[in-house]
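Numbering (our numbering), first residue to last: 3 to 220. All C-beta atoms in this analysis are idealised placements derived from N, C-alpha and C, irrespective of residue type, glycine included. Right, one structure below, let's go through it.
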């Protein structure tokens, strides 16, 4: 199964994933997806369609591809959940207290928000590039019940993985069409994230600037 090469490190990485699937079959796709959770630049939007393509060629079954990739998603998410649980609220507050432009109150507000919307965040977050991996960390920090986290991650991952695996299965050699649309979605997410961070930084700097005259007067 060949992948178009452009000489980049990403192409080399994807080629390694393809080789892994060719050697050990569907479990290789599961391992690659678990690694994608820990190393987001490894694109699931490429790995999943390739798993579907391999299934269409008879390298392994379609059900195997769906089960192994979803299992890989859950395993990778659990590792990041464990990282968040190890970090915990106390360590997180201590880290944030040392960072410029951030306040401990920001952590408390985020925790309160996650308490209300954490379930939706974990489920839908599994379908958003980049956040798909990161959402597991705050779930661990706030110690979302493990059974609930696993079920939500399993459900969200099953939806996302099925779309891309089935696309690769039915599109065959034209699976690159999926990658094109996935790239557009990823760019939208990145632009939105950059805009959000920029807005936060500008707002926080203005707040600090407005407070300074009051502190000088005191």
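- When the Cα atoms are used, residue 135 and residue 61 turn out to be separated by approximately 28 Å.
- In the structure shown, residue 158 falls within a helical segment according to DSSP collapsed to helix, strand and coil.
- In the same chain as residue 174, and ignoring 5 residues on each side of it, the C-beta atoms closer than 8 Å to its own belong to 55, 58, in chain order.
- For residue 50, the enclosing alpha helix (DSSP H) has its first and last residue at 46-58.
- By a beta-carbon distance limit of 8 Å, residue 139 contacts residue 82. Their separation comes to about 5 Å.
- Segment contact: the stretch 64-72 against the stretch 124-133, fewer than three CB-CB distances shorter than 8 Å; contact not assigned.
- In the three-state DSSP reduction, residue 145 falls in the coil class, being neither helix nor strand.
- Here the alpha carbon of residue 92 sits roughly 11 Å from the alpha carbon of residue 144.
- Distance between residue 117 and residue 161, taken at the CA atoms: about 24 Å.
- Straight across, the Cα-Cα distance linking residue 19 with residue 153 is about 27 Å.
- Look at residue 21 here: in three-state DSSP terms it is helix.
- Approximately 5 Å separates the beta-carbon atoms of residue 155 and residue 76; this is inside 8 Å, confirming the contact.
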